[in-house]
Amino acid sequence: MPPKSTAATSSPRVIYWFRTDLRLHDSPALSTALSLCKPHKSSAVLYPIWTWDPHYVYHARVGPNRWQFLLDSQSDLSASLTKLNPKQKLLVIREAPQTLFPKLFREWGITHLCFERDSDAYGKGRDDEVVKLAEKAGVEVVTEYGRTLWDSDALVRENGGKPTMSITQVEKAGAKIGDVPRPIEVPKSLPDPGDTKLGFQMEKPGKIPDFNEKQRDGEDRSYGELSGPKGDFAVPTMEELGMKKATTPHRGGETIALEMLDELMKDVDYVATFEKPKTAPTAFEPQATTLLSPHLHFGTLSVREFYWRTQDIVDKYKGTASKPPTSLTGQLLFRDMYFGAQASLAYAFGQTYNNPQCRFIPWHLPSEIDEKTGLVTGKYLVDSAEAEQYFIRWREGRTGFPFIDALMRQLKSEGWIHHLGRHMVACFLTRGGCYVDWERGAEVFEEWLIDHEAACNIGNWQWLSCTAFYAQFYRCYSPVAFGQKWDKEGKFVRRFVPELKDFDKKYIYEPHKAPVADQKKWGCLIKGDGTETEADGGKFQMYPKPMFDFAERREICIQGMKRAYSVGLYGNDERVLNGTWRELFPDDAEGPTSGKKGPPGAMVEHEDADGTEEISHQPPELSGQEKKKAAAKKPGGHKRDASQGTLDGIVTRKKKKESA
DNA sequence: AGTACTGTTGTGACC
DNA sequence: CGGTCACAACAGTAC
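In terms of UniProt numbering, the first sequence opens at residue 1 and continues consecutively.
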């Protein structure tokens, strides 16, 4: 093992490890890497690399649209590296950092490893592991933090060591740290790379739950060859990954990001007077907000570049500029708030179980917990076939509420919907309609959003479900009124639910209220559950009836929330952890509370444990209120049939993964 | 300690 | 059409 002093005095051979900082402008870590090389002029060597990570490929939920955005970003970065030095490009190496680095250090005679630190629980753990491997190999590690306005750990420290749960806390803690740093300039040149021969074998990842199987329609060759099929370290293609084709119109890359930023900053009035709550979620040509969020996620745009370009305009503005939290820079403060909460709470941030900041609500479809680790497994309990149907219809955009369906279809095809649209569908799935666990919704967003940022996604789902950050559960979005507020003509619905495009605006948000003669005239019959799209042998299109009476469900949900709030449990409460929370809820309360005996929390024990199978296969129990309403509607009362087909599907999937 | 106010983004009735 | 208010009522912050 060479001593550290060797690394410091001989010509540096540096790896710059790109991760979610796929840019050259304002990169504190890249700047540090280059400053290491500078005194040594032409004898210094720089390897710009990107490593495959099985956690990202298999364990995170990543749909084709986000993969495409990532590959766009990598290609653009690679071309920019080549522009600075024709011998340079991004070296994409198909192996996990934890196994790759020790071999790479030896093979390339590396003296320094530089990268931008992560702040999430998995990222921190992986970074620590890599740092240890480097130390063992005598490689000096230099890291910087550049993902947020302020270092997230520093923000937490200045917030009294507590997670940042409000904007006031972020503003105060941020002020103690100091001004947001000004962006660093793009480097003017790069050292050459060294020899890139790889004389070692690839280590393929071990077994890890593969949540992305359904994203592929071809063979998964993610880990085919260390340096890619042509041996040239090229950015992979979607075909190489076996991924389905992307459908999003949004493109990635630093070049595009900076062009979009320039374009945005030309509109001084828009930038200086931006107020998020006044931007329309129904605008689609063009969208009402900046579309820069995916670039912040992949680091193709620096958040500090965005901040200062905006702030400088605001400072010079002659009229009345908007202020945080609704202003453009205010949006970035929310991002820092969620990153601070994530940095402080680690794995617990992403789930209810064991999360001291997250209220416990006995939602339907709760996450399964591995009791050994206290972490969610990625599977969930189907406690109610009805709730499972609500969830599936929500995800597939066939709830029978056109505004919800339009948003969900836009989300799936384009990978982006407006922030207020996210509010609408998140409120609807959780506290304002389906009473389904926010973790189910967060998983769908994780898979489909091109701008998915775990901290922001989790934080916003907690916000909208009133489990953390926000508590006014009686403020509930209506799928009819909220759409109409922004788009009386229903242009947005017509664009994304084209089967309704000819409906009169009077019925566009409630097509089931249109007389059948009109439905026929406008070419679409309102019936069924959305699984069929044509009626009368193709003569008419079909769009489903609403899957429930919204006013009725709204009332059930608000009463459920009221009950759960008065019980007042948080995710780390002993009674949530050990399952005795059930005793605090009456059997007829909304959510999976029936029966005093059950798994811990709203959680599933392993399949050999008592209770699980029994609950999984139970037909859906209606709550007391539901029973009353159902009885009022249907003379003599009626217990709805379980949708056994759906239940079986889930149980089979669970078994398959268990044995994998 | 207790009270009042405010909180990025609700709805629907009423004037 | 636009503004105001009740609805039923949470929790962090300021005083």
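Where is the CB? At the ideal position from N, CA and C, for every residue including glycine. Note that the structure is predicted; figures quoted are calculated from it, not measured.
So H112 is in the beta strand (DSSP E); what residue range does that whole segment cover?
Counting along the chain, the beta strand (DSSP E) containing H112 begins and ends at 112 to 116.
Kindly identify the DSSP beta-bridge partner or partners of Q331.
DSSP, once it has assigned bridges, lists no residue as partnering Q331.
Checking the sheet assignment: what are the DSSP bridge partners for V376?
DSSP output for V376 lists I369 as bridge partner(s).
Quick one: grab the DSSP three-state call for R221.
R221: coil per DSSP, three-state reduction.
Residue span of the beta strand (DSSP E) that contains P325, given as start and end:
It is not in any beta strand (DSSP E) - P325 carries neither H nor E in the DSSP assignment.
Quick one: what does DSSP say A280 is sitting in, helix, strand or coil?
Annotated three-state conformation of A280 is coil, per DSSP.
Is the separation between the beta-carbon of T82 and that of G299 shorter than 8 Å?
No. Outside cutoff.
Near N466, what residues of its chain come up, given a Cβ to Cβ distance below 6 Å and the 5 sequence neighbours on each side ignored?
The identity of residue 466 in the sequence shown is Cys, whereas the question assumes Asn. So the list reads R431, F473, once near-sequence residues are dropped.
DSSP three-state call for G611: helix, strand or coil?
Bear in mind that a pLDDT of 35 at G611, under 50, signals an unreliable position, so the number given afterwards is only what the model happens to contain. Three-state DSSP puts G611 in coil, outside helix and strand.
My parser needs the alpha helix (DSSP H) runs of 4 or more residues fully inside the segment 544 to 574; what are they?
The qualifying runs are 550 to 567.
Whether P498 touches F403 by CB criterion (8 Å):
For P498 and F403, no; Cβs fall outside 8 Å.
Please list the terminal residues of the continuous alpha helix (DSSP H) segment that includes F496.
491 to 496 is the extent of the alpha helix (DSSP H) around F496.
Return the CA-CA distance between S11 and I93, expressed in angstroms with no decimal places.
Spanning the two alpha carbons is a distance of roughly 24 Å.
In the structure shown, what three-state DSSP assignment does T143 receive?
In this structure, T143 counts as strand in the three-state DSSP scheme.
Specify whether the segment 107 to 114 and the segment 30 to 47 touch according to this definition: at least 3 beta carbon pairs, one from each stretch, less than 8 Å apart.
Touching, per the Cβ criterion.
DSSP beta-bridge partners of H364
The beta-bridge partner set that DSSP reports for H364 consists of V436.
Alpha-carbon to alpha-carbon, H250 and L70
Between the alpha carbons of L70 and H250 lies a gap of roughly 11 Å.
Can you tell me where the alpha helix (DSSP H) with Y47 in it begins and where it stops?
Going by DSSP, Y47 is part of no alpha helix (DSSP H) but of the beta strand (DSSP E) stretching over 45 to 51.
Where M337 and I458 are concerned, what is the direct C-alpha to C-alpha distance, given to the nearest angstrom?
Separation of M337 and I458 (C-alpha to C-alpha, rounded to the nearest whole angstrom) is 12 Å.
Could you pull out every residue in the same chain whose Cβ sits closer than 7 Å to the Cβ of V235, ignoring the five residues on either side in sequence?
Apart from sequence neighbours up to five positions away, the residues of its chain that approach V235 with a beta-carbon distance below 7 Å are L71, Q74, S75, S78, L90, V92, ordered along the chain.
Select from P362, Y56, Q331, D195 the residue whose C-alpha is nearest the C-alpha of L577.
Distances from the alpha-carbon of L577 to those of P362, Y56, Q331, D195 put P362 closest.
Stretch pair the segment 40 to 48 + the segment 143 to 156: three plus CB contacts closer than 8 Å
The segment 40 to 48 and the segment 143 to 156 do not touch, with fewer than 3 CB-CB distances between them shorter than 8 Å.
Taking the alpha carbon of residue 661 as the point to measure from, which residue in T310, L22, E275, T248 has its own alpha carbon closest?
Here the chain has residues from 1 to 660 only, and residue 661 is not among them.
Pair within 8 Å by beta-carbon distance, D127 and D118:
Yes, they are a contact pair.
Do the segment 513 to 524 and the segment 424 to 442 touch if we need at least three Cβ pairs shorter than 8 Å?
No: the two stretches stay apart, fewer than three of their Cβ pairs being nearer than 8 Å.
Taking 6 Å as the limit between beta carbons, can you name the residues of its chain near F496, skipping five residues before and five after?
Cβ within range, chain order: A406, R409, Q410.
Which of helix, strand or coil does DSSP assign to R13?
In the three-state scheme derived from DSSP, where H, G and I count as helix and E and B as strand, R13 is classed as strand.
8 Å Cβ shell around V268 - same chain, five flanking residues per side excluded
For V268, where only same-chain residues beyond five positions count, the Cβ hits under 8 Å are I313, Y317.
Best match in F274, A343, F482, N572 for proximity to A454 [C-alpha to C-alpha]:
Answer by Cα proximity: A343.
Coarse secondary structure for Q541, derived from DSSP in three states:
Secondary structure at Q541: strand, using DSSP grouped into helix, strand and coil.
Give me the Cα-Cα distance between P544 and Y16, rounded to the nearest whole angstrom.
Distance between the alpha carbons of P544 and Y16: 53 Å.
How would you call G252, buried or exposed, if buried means at least 16 neighbouring beta carbons within 10 angstroms?
A buried status is given to G252, since no fewer than 16 other beta-carbon atoms sit within 10 Å of its beta-carbon.
DSSP three-state label for C358, please.
Coil, per DSSP.
So what's G216 in DSSP terms, helix, strand or just coil?
It is worth fixing the name first, because residue 216 is Arg in this sequence and not Gly. In this structure, R216 counts as strand in the three-state DSSP scheme.
Pull up the distance between the alpha-carbon of F503 and that of Q484, whole angstroms please.
C-alpha separation (whole angstroms): 15 Å.
Can you list, in chain order, the residues of its chain whose CB lies under 7 Å from that of V271, leaving out five sequence neighbours each side?
Non-local beta-carbon contacts of V271 in its own chain, meaning distances under 7 Å to residues more than five positions away in sequence, involve L264, M265, T310, I313, L328 in chain order.
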